[in-house]
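Note sheet for the following structure.
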Amino acid sequence: MVIGEYIYGIGFGFRFALHYNPDSLGIYIAEYLLIVLSAVGATVTTSTNYDSALTGLHIFLAGLVLQLTSVVLFCIIYARFLYKVRTNERAIWIRDTKQRWNSDWRTLAAALVVSCSGILIRSCYRVAEVAQGFHGSLTESQEAFYLGDTFPLLVAIVIYVPFWPGRYITGKLAPSVNELPNRQDLLVSDSTLGYNYEVPGAK
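Note that the numbering used here has the sequence shown beginning at 245, numbered continuously upward.
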């Protein structure tokens, strides 16, 4: 949601072939289903029956692998977004050059990179941990838990305290899709980014 909002905040919108509308519920529903799948698997692992617990572990692992896949895909999309803006939208890329560094939209972009890195590390750790089974070395190591799970997740969250997205996403340059009187007023045109939403009256 952060990347979707600041795409509009810096002056333009675009989409990838993953879904038609940036506000599409499909992506969010899929994410929640993956969380539920992992939760169900983790619950089944508490069974006193070994076979049932092992089945739960496999379900749990499948959910974690799918979550990791989702995170990787997001990171790829985000990296492509930054690359395309830097190479094809120079005016937007250097728009805040004369601002203080903590008012430059690229600072938020960097903060999101740090956050994504933390989540990616944590996701990889969780997959490796569960893949080792109930008595793996990662499962029994408290140090590994803190380094692979707690610390990366802490960094991924705390980074937004000094770099809160609301400070950068002001909505001055382009209104949200939901704020338009008629969502059909959005004009879709080809561009080097994939597709641009030309918001009437935004200029």
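All C-beta atoms, glycine included, are put in the ideal place defined by N, C-alpha and C.
Where residue i falls: helix, strand or coil (DSSP)
i: Phe-325; result: helix
i: Asp-393; result: helix
i: Val-421; result: Only weak support exists for where Val-421 lies, its pLDDT of 46 falling under 50; the value from the coordinates is given anyway. Note: Val-421 maps to helix in three-state DSSP.
i: Glu-384; result: coil
i: Phe-318; result: helix
i: Thr-287; result: helix
i: Asp-295; result: helix
i: Ile-303; result: helix
i: Thr-341; result: coil
i: Ile-279; result: helix
i: Ile-403; result: coil
i: Ile-273; result: helix
Beta-carbon proximity check, residue i vs residue j, cutoff 8 angstroms
i: Gly-198; j: Thr-289; result: The first residue shown for the chain is 245 and the last is 447, placing residue 198 beyond what the model contains.
i: Leu-352; j: Tyr-412; result: yes
i: Val-399; j: Val-357; result: no
i: Val-329; j: Ile-336; result: yes
i: Leu-310; j: Cys-368; result: no
i: Val-315; j: Ile-363; result: yes
i: Arg-366; j: Leu-317; result: no
i: Asp-393; j: Arg-370; result: yes
First through last residue of the alpha helix (DSSP H) which encompasses residue i
i: Trp-408; result: That residue, Trp-408, is in no alpha helix (DSSP H); it is neither H nor E in DSSP.
i: Ile-336; result: 334-337
i: Trp-349; result: 349-375
Exposure label - residue i; buried when at least 16 CB within 10 Å
i: Leu-278; result: buried
i: Cys-403; result: A small fix is needed here, since residue 403 is Ile in this sequence, not Cys. Ile-403 should be labelled buried.
i: Ile-303; result: buried
i: Trp-349; result: buried
i: Ala-323; result: exposed
i: Leu-305; result: buried
i: Ala-355; result: buried
i: Glu-387; result: exposed
i: Val-374; result: buried
i: Ser-282; result: buried
Minimum Cβ-Cβ distance from residue i to chain C less than 8 angstroms
i: His-379; result: Protein chain content of the structure displayed is limited to a single chain, and chain C is not contained in it.
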